[in-house]
Amino acid sequence: MSRPSSGDQVADHVRRLIWDGTLRNGDHLRQDDIANDLGVSRIPVREALIALERQGWVSLEPHRGAFIRGLDEVAVGDHYAFLGALYALTARRVTERAEDSAIEALDEARLLAAAAPSADEFLSRNEVFLRRFYAAANSSRLSSISRMTSGVVPGNYFATVPAGRAIQEDALADAMEALRARDGDRAASVFEHAFARHGQAVIDVLRGHRAAAGNELA
Numbered sequence: 000m001s002r003p004s005s006g007d008q009v010a011d012h013v014r015r016l017i018w019d020g021t022l023r024n025g026d027h028l029r030q031d032d033i034a035n036d037l038g039v040s041r042i043p044v045r046e047a048l049i050a051l052e053r054q055g056w057v058s059l060e061p062h063r064g065a066f067i068r069g070l071d072e073v074a075v076g077d078h079y080a081f082l083g084a085l086y087a088l089t090a091r092r093v094t095e096r097a098e099d100s101a102i103e104a105l106d107e108a109r110l111l112a113a114a115a116p117s118a119d120e121f122l123s124r125n126e127v128f129l130r131r132f133y134a135a136a137n138s139s140r141l142s143s144i145s146r147m148t149s150g151v152v153p154g155n156y157f158a159t160v161p162a163g164r165a166i167q168e169d170a171l172a173d174a175m176e177a178l179r180a181r182d183g184d185r186a187a188s189v190f191e192h193a194f195a196r197h198g199q200a201v202i203d204v205l206r207g208h209r210a211a212a213g214n215e216l217a
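Take 0 as the starting number for the sequence shown in numbering that gives the first Met the number 0 and just add one per residue.
Written out as structure tokens, the structure is:
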């Protein structure tokens with residue numbers, strides 16, 4: 000496994016500060032402060048800010064610096080609606096293109112994920128399912144888009160969002176029934192509904208963070 004770069008570590012640090020409400024929409028993010036806090040040079044901080052702007056976490060303004068965009072209900076809702084649409088399209092392609100053996104392999108991966116003893120192991124096994132899912136769709140474009148999509152929850156989503164694992168297990172079980180039946184419309188609907196639930200679960204956790212910090216989630 001490759002180790003994360005210094006820039007990746009800085010970006011993860013900033014995402015966590017936004018996630019827990021330490022940094023809020025409109026806050027000025029000073030590169031020197033971040034570099035000093037983490038004991039790194041300004042180069043990885045700059046790399047991190049470029050990546051964070053591309054992902055929608057910050058805004059880089061000429062001659063002014065970096066400003067936090069943060070997370071609100073609209074941003075979270077849009078993120079998970081996009082993921083729902085991406086998975087829905089992929090599910091349709093699986094029903095159209097996948098060999099029966101590929102669908103059987105998907106169900107094997109799902110069962111292994113359901114038996115995972117911990118959130119970390121569930122994350123790992125869920126990723127195996129997703130790799131097989133995109134491979135079964137036989138679309139390099141969909142696979143590429145999925146790899147470029149960053150999450151809004153730092154670290155292990157299933158450890159951070161308590162409802163996430165149950166939502167995902169239910170979705171994969173229902174989706175497999177539809178995929179086996181080659182019912183693209185039903186499979187698409189399962190994922191659209193599941194990601195709406197994921198989005199609401201994230202919003203619920205964020206609201207708890209903001210309430211604890213005395214802030215509101217817009």
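Each residue gets a CB set at the ideal place from its N, CA and C atoms; glycine is no exception.
In this text, all values refer to a predicted model and were calculated from it rather than measured experimentally.
Host beta strand (DSSP E) of residue i (start-end)
| i | result |
| --- | --- |
| G64 | 64 to 67 |
Test item: CB-CB of residue i and residue j under 8 Å
| i | j | result |
| --- | --- | --- |
| A186 | A177 | yes |
| V9 | V44 | yes |
| A90 | R131 | no |
| F66 | L28 | yes |
| G69 | R109 | no |
| N155 | A97 | no |
| H197 | Y79 | yes |
| R92 | S145 | no |
DSSP bridge partner residues for residue i (one or two, in chain order)
| i | result |
| --- | --- |
| L28 | A65 |
| V57 | I67 |
Residue from the options with nearest C-alpha to residue i
| i | options | result |
| --- | --- | --- |
| V189 | P161, L82, A158, I144 | L82 |
| G76 | R209, A170, V151, L171 | V151 |
| R164 | G183, F66, S40, L122 | L122 |
| V259 | S149, S139, D203, D182 | Nothing can be reported for residue 259, as the shown portion of the chain is limited to 0 through 217. |
| A33 | R92, A134, V13, N24 | A quick correction: the sequence has Ile, not Ala, at residue 33. Of R92, A134, V13, N24, the residue nearest in Cα terms is V13. |
| Y86 | D7, S142, I17 | S142 |
| Q199 | E72, I49, Q167 | E72 |
| A211 | A74, Q54, G20, G6 | G20 |
| A112 | D99, A74, E126, R181 | E126 |
Continuous alpha helix (DSSP H) stretch holding residue i: start and end
| i | result |
| --- | --- |
| S40 | Where S40 is concerned, there is no enclosing alpha helix (DSSP H), given that its DSSP letter is neither H nor E. |
| N125 | 118 to 136 |
| S5 | 5 to 18 |
| A180 | Segment: none, A180 is in no alpha helix (DSSP H) and carries neither H nor E. |
| L111 | 99 to 113 |
| T148 | T148 -> no alpha helix (DSSP H), and no H or E assigned at all. |
CB contact below 8 Å: residue i versus chain D
| i | result |
| --- | --- |
| L59 | No chain D is present in this structure, which holds just one protein chain. |
Per-residue burial, residue i [other beta carbons within 10 Å of its own, 16 or more giving buried]
| i | result |
| --- | --- |
| N35 | exposed |
| G25 | exposed |
| I17 | buried |
| T148 | exposed |
| A174 | buried |
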